[in-house]
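A.B. asks: Residue numbers (mature numbering (1 follows the signal peptide of the UniProt record, and there is no 0)): -23 to -1, 1 to 254.
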């Protein structure tokens, strides 16, 4: 009896071993069906990866100094022109208006105003600042996100106003010629010009689309250009939440204006990395 029991036990063990071997052979080179796929990288992970790649490529280029023209562009005016004007009002209310231009021409007009004598001088050349753009507080936050992302990538950012002021203090500089001072400052204290422009776009989260151009100041070479709404990448499908018709995917929240600015910077960094190799 005992011998039969032992043989039965050995037979069961052998059968189990064969089943396990067969199962192992069946599962060989097959994916684990119960393991969930990894979630797609979120905005923070992609931002960190972009900053790391940019830092390496930027260092290989010897960290060129970058001056940001935020919602401002370098105009094609070679120098600043001015209009000189004077206004003399007669006692009976008739006014004589004269405007003197740099080319020597004079325009005379007449209008009815209060009796007065006034004169002045006004710049007639646009300084490159854009008239349309984000409201001031939102604009500050977008610029903050943009600058922080570039700084996280190791960028050396130069302030336009500061280099213009310091350049204007040098001997022989015509302080009244803004265009000449600006170009002298760029040539002497920066390497790359980064123009960030905004244009209204009702379909964008911020209400604006951004265009960014990066140019080599000395050669005039266009290194990168990006047109974007600044929408960060999705972190994957949202979790299931209870809704009026049962469970449904949670909708992602719209990006903050800081995140939009950071995304704009991230896209231009990617474009520069692609150009620099």
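All C-beta atoms in this analysis are idealised placements derived from N, C-alpha and C, irrespective of residue type, glycine included.
Based on the DSSP secondary-structure assignment, which residues constitute the bridge partners of residue 122?
C.D. replies: Its beta-bridge partners do not exist; DSSP assigns none.
A.B. asks: Can you give me the Cβ contacts of residue 137 inside the same chain, cut-off strictly under 6 angstroms, excluding the 5 residues immediately before and after it?
C.D. replies: Excluding sequence neighbours, residue 137 sits near 44.
A.B. asks: With a 10 Å radius around its C-beta and 16 neighbouring C-beta atoms as the bar for buried, classify residue 164 as buried or exposed.
C.D. replies: Its Cβ having fewer than 16 others within 10 Å, residue 164 is exposed.
A.B. asks: Beta-carbon within less than 7 angstroms of residue 250's beta-carbon, same chain only, minus the 5 sequence neighbours each way: which residues are those?
C.D. replies: 30, 31, 34, listed in sequence order.
A.B. asks: From residue 134 to residue 42, what does the alpha carbon distance come to, in whole angstroms?
C.D. replies: Rounded to whole angstroms, residue 134 to residue 42 spans 6 angstroms at the Cα level.
A.B. asks: Once you ignore the five residues that flank residue 231 on each side, which residues in its own chain have a CB closer than 8 angstroms to its CB?
C.D. replies: Closer than 8 angstroms at Cβ, skipping near neighbours: 182.
A.B. asks: Considering only the beta carbon of each residue, do residue 243 and residue 126 sit closer than 8 angstroms?
C.D. replies: Yes.
A.B. asks: Can you check whether the CB of residue 245 is closer than 8 angstroms to the CB of residue 204?
C.D. replies: No, these two residues do not count as a Cβ contact at 8 angstroms.
A.B. asks: Would you mind reading off the limits of the beta strand (DSSP E) that contains residue 42?
C.D. replies: Segment 42 to 47, the beta strand (DSSP E) holding residue 42.
A.B. asks: Of the residues 233, 175, 130, 235, which one's Cα is nearest the Cα of residue 36?
C.D. replies: The option with the nearest alpha carbon to residue 36 is 130.
A.B. asks: Could you compute how far the alpha carbon of residue 113 sits from the alpha carbon of residue 47?
C.D. replies: So the two alpha carbons sit approximately 12 angstroms from each other.
A.B. asks: Is the CB-CB distance between residue 140 and residue 157 below 8 angstroms?
C.D. replies: Against a cut-off of 8 angstroms, the Cβ pair of residue 157 and residue 140 comes out as no contact.
A.B. asks: Give me whichever residues DSSP pairs with residue 192 in a beta bridge.
C.D. replies: In DSSP, residue 192 forms a bridge with 170, 199.
A.B. asks: Please name the residue or residues paired with residue 31 in a DSSP beta bridge.
C.D. replies: Per DSSP, none; premise fails for residue 31.
A.B. asks: Indicate the three-state DSSP secondary structure (helix, strand or coil) for residue 220 in the structure shown.
C.D. replies: Looking at residue 220 - three-state DSSP - the assignment turns out to be strand.
A.B. asks: So, with DSSP's three-state summary, where would you put residue 175?
C.D. replies: The answer is strand: DSSP assigns residue 175 an E or B state.
A.B. asks: So is residue 178 buried or exposed if we call it buried at 16+ other beta carbons inside 10 Å?
C.D. replies: Classification of residue 178: exposed, given that the 10 Å Cβ count is below 16.
A.B. asks: If you compare alpha carbons, which of 254, 241, 248, 234 is closest to residue 116?
C.D. replies: Nearest C-alpha to residue 116: 234.
A.B. asks: Take residue 192 and list the residues in its own chain whose beta-carbon comes closer than 6 angstroms to its own, dropping the five residues that flank it on each side.
C.D. replies: Contacts found: 170, 199.
A.B. asks: Label residue 227 either buried or exposed according to how many other C-beta atoms from any shown protein chain fall within 10 Å of its C-beta, with 16 as the threshold for buried.
C.D. replies: Exposed.
A.B. asks: Taking Cβ to Cβ, would you say residue 236 is nearer than 8 angstroms to residue 209?
C.D. replies: It is a contact, given that the beta carbons lie within the stated cut-off.
A.B. asks: Residue range of the alpha helix (DSSP H) that residue 249 falls in?
C.D. replies: Residue 249 -> alpha helix (DSSP H) spans 234 to 253.
A.B. asks: Taking the C-alpha atoms as reference points, what is the distance between residue 51 and residue 22?
C.D. replies: Distance between the alpha carbons of residue 51 and residue 22 is about 34 angstroms.
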